[in-house]
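Chains as they are written, first to last, in our numbering: chain P, 15 to 436; chain G, 23 to 277. Each remark here refers to the structure printed beneath this line.
Here it is in structure tokens:
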């Protein structure tokens, strides 16, 4: 026996008490990254957040407004929201794909598959009610996502290839169903209403008040829960500032929209989906695992996460959101034709997520980036349209915007790396 | 020996074969509560195979395993985790984009409602664990792991292993990539694990570290036991000799 009777058990350093107060002492200081000074510090270190996009939007607004007075009008703004809605919904799903570090090239035509399925179901011989048609359309999309996910995980084929095959294949399926040169008209007023309904001014204000109220409440309750546990809470003025910024944004949007036809219903839909999907991404186990897999597949696997299963789920989310986007687009056009899901839809959707700041390499990004990115793309598209420029010019400019966004992201990441943040 | 304390983990004559290669031949191994045991040996001595056998990644072909005096059968990582055995591998496997709390709870998150993560409860538990290990260099447990130093990352990986009521922590080359000051931090941390009455097994190439922190040293060579040493009764030269030319207890059948 060696050390059974040590003269005195070496007095453990008094670890608990002072240490505990040390890490918890943050209570008096703001949690990192929440007060103004640390925000400036983060900016300097290269963590720009949504700042480049906001600056970009302002530049876009100035350029187009100087060329055409109609750009910054209430009427044009109200037009912009349904214009961007389809891309935004699809890009919401793309964000999840990119968070995993995967890619889904099929979202354009999958959106068309869902829209076609829905539209045909509402026609004879089935004459299904709109809600059944929508559900079936989305279930079909989910099935497509499941198929992609199973192919990718079972055979360990890169998602790029599987969804490239999907891009071709689902385009073919849409063409087969609709027939050459055909157009299927949507008669159902509810479906048409999705992208063509505007809230009355009163309703618009009511929705805005409910939104801001719920947001304030959730932020306040969250901080109080942290405070009650003795954890570092954010100083009240930071919370106040956040709530104020959001409130101003939403109320200003409503005020502008009410100058014209009112708040588009589809705008509210986008916002509701944003809140729901952000909750999934940031506050659930599912979202945590998606980020973890995107950050380090090996770490996720060792933590006991069934990586393959989550990859399949995410491809289903992507396809379902593509379906939602497809339905919104069909609603806006009041029809589905052989061009559905084609053109620049796929590239715009992926570009929206990337321009908004979601990394192509996985693990970094937010659902809200899809909304911001789509706003940029739709603004450019809309502005160029007002100027009467050709689609060739549109593509060139959109391409340059995408390039600029990626370069800003890359440069900011490099400087973050230098300051040891990422 | 007055009081033969029962080893927490005891392996008796375990063997492992990969095809034609006999990786372990009737190896005996034991580690007790409150002790730091160093497992040393040259490349190919079977250290990693032994650890992976304990972790259930490559279960042993033959031999007996006792945990807490009871015979156990470790057939997979879940079995070893259920016993309270946690392994910290050399590559740590942290998700760089997630913060410290998220990494420490990865795969075992706490939730309030069926879906919602209970962030404040996890943050508290994380802080408590880090404090109990005197990990005090972190600015915040809410910073992404990517921004941490090598020593801090090692500390997070160790704390993660300790948090789950683990009883045996196995560390694979914890100081391999670290500078002097950070190595110091990690070795202190290893010592504190033993002070918390955990059993600690440490694989290391660095004999200086081993003598710094270990109570006992088990030397393997060519997949076999050479012998065990008490750190206080041996020298680095003796260990090096044992690692490179120590007498083997079995004839090497694999040739």
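Ideal placement from N, C-alpha and C gives every residue a C-beta, glycine not left out.
Burial check for residue 252 of chain G: the Cβ neighbour count within 10 Å stays below 16, so the residue is exposed. Around the beta carbon of residue 92 of chain G, a 10 Å sphere encloses fewer than 16 other beta carbons of the protein chains shown; the residue is thus reported as exposed.
The DSSP-derived three-state label of residue 198 of chain G is coil.
For residue 92 of chain G, the enclosing beta strand (DSSP E) stretches over residues 92–94. Within chain G, 117, 119, 120, 124 have C-beta atoms less than 9 Å from the C-beta of residue 305 of chain P, given in sequence order. Only 240, 243, 245 from the region 240–252 of chain P bring a Cβ to less than 7 Å from some Cβ of chain G. For the options G/73, G/207, G/133, the alpha carbon positioned closest to that of residue 235 of chain G is the one of G/207. The criterion of a C-beta distance shorter than 7 Å is not satisfied by residue 70 of chain P and residue 411 of chain P. Annotation for residue 48 of chain G: the continuous beta strand (DSSP E) segment containing it runs 43–53. The beta carbons of residue 61 of chain G and residue 257 of chain G sit no closer together than 7 Å. Boundaries of the alpha helix (DSSP H) harbouring residue 223 of chain P: 215–242, taken from the DSSP string. Checking the DSSP bridge columns, you'll see residue 40 of chain G partnered with G/43. In the DSSP assignment, residue 267 of chain P falls within the unbroken alpha helix (DSSP H) covering 250–273.
Taking 7 Å as the CB threshold, residue 312 of chain P lines the interface with chain G.
In the displayed model, residue 414 of chain P falls within a helix according to three-state DSSP. Under DSSP, residue 324 of chain P shares a beta bridge with no residue. Secondary structure of residue 253 of chain G (DSSP, three-state): helix. Listed in chain order, the beta strand (DSSP E) runs fully inside the region 156–205 of chain P are 197–199, counting runs of at least 3 residues. Using a CB distance cut-off of 7 Å, residue 377 of chain P counts as an interface residue toward chain G.
For residue 234 of chain G, the enclosing alpha helix (DSSP H) begins and ends at 229–235.
The region 315–361 of chain P contains, as complete beta strand (DSSP E) runs of 3+ residues, the segments 349–351 (chain order). Excluding the 5 residues flanking it on each side, residue 343 of chain P has same chain C-beta neighbours closer than 6 Å at 100, in chain order. Setting aside the 5 residues that flank it on each side, residue 152 of chain G is surrounded in the same chain by 181, each with a C-beta closer than 6 Å to its C-beta; the list follows chain order. If you draw a straight line from the Cα of residue 266 of chain G to the Cα of residue 31 of chain G, it comes to about 26 Å.
Residue contact check for residue 102 of chain G against chain P: no CB pair falls below 7 Å. Residue 316 of chain P has its alpha-carbon roughly 38 Å from the corresponding atom of residue 255 of chain G.
Per the coordinates, the alpha-carbon of residue 117 of chain G lies some 40 Å from the alpha-carbon of residue 131 of chain P. By the Cβ criterion, the region 156–172 of chain P is in contact with the region 316–331 of chain P, since at least three pairs of Cβ atoms, one from each stretch, lie closer than 8 Å.
Under DSSP, residue 81 of chain P takes part in no beta bridge, so it has no partner.
Fewer than three Cβ pairs drawn from the region 76–85 of chain P and the region 328–338 of chain P lie within less than 8 Å of each other, which leaves the two stretches out of contact. Counting only Cβ-Cβ distances below 8 Å, residue 346 of chain P has no contacts in chain G at all, with the closest Cβ about 33 Å away. By the 16-neighbour rule on beta-carbons within 10 angstroms, residue 138 of chain P is exposed. Residue 144 of chain G and residue 136 of chain G have their C-alpha atoms roughly 15 Å apart. DSSP lists G/193 as the bridge partner or partners of residue 110 of chain G.
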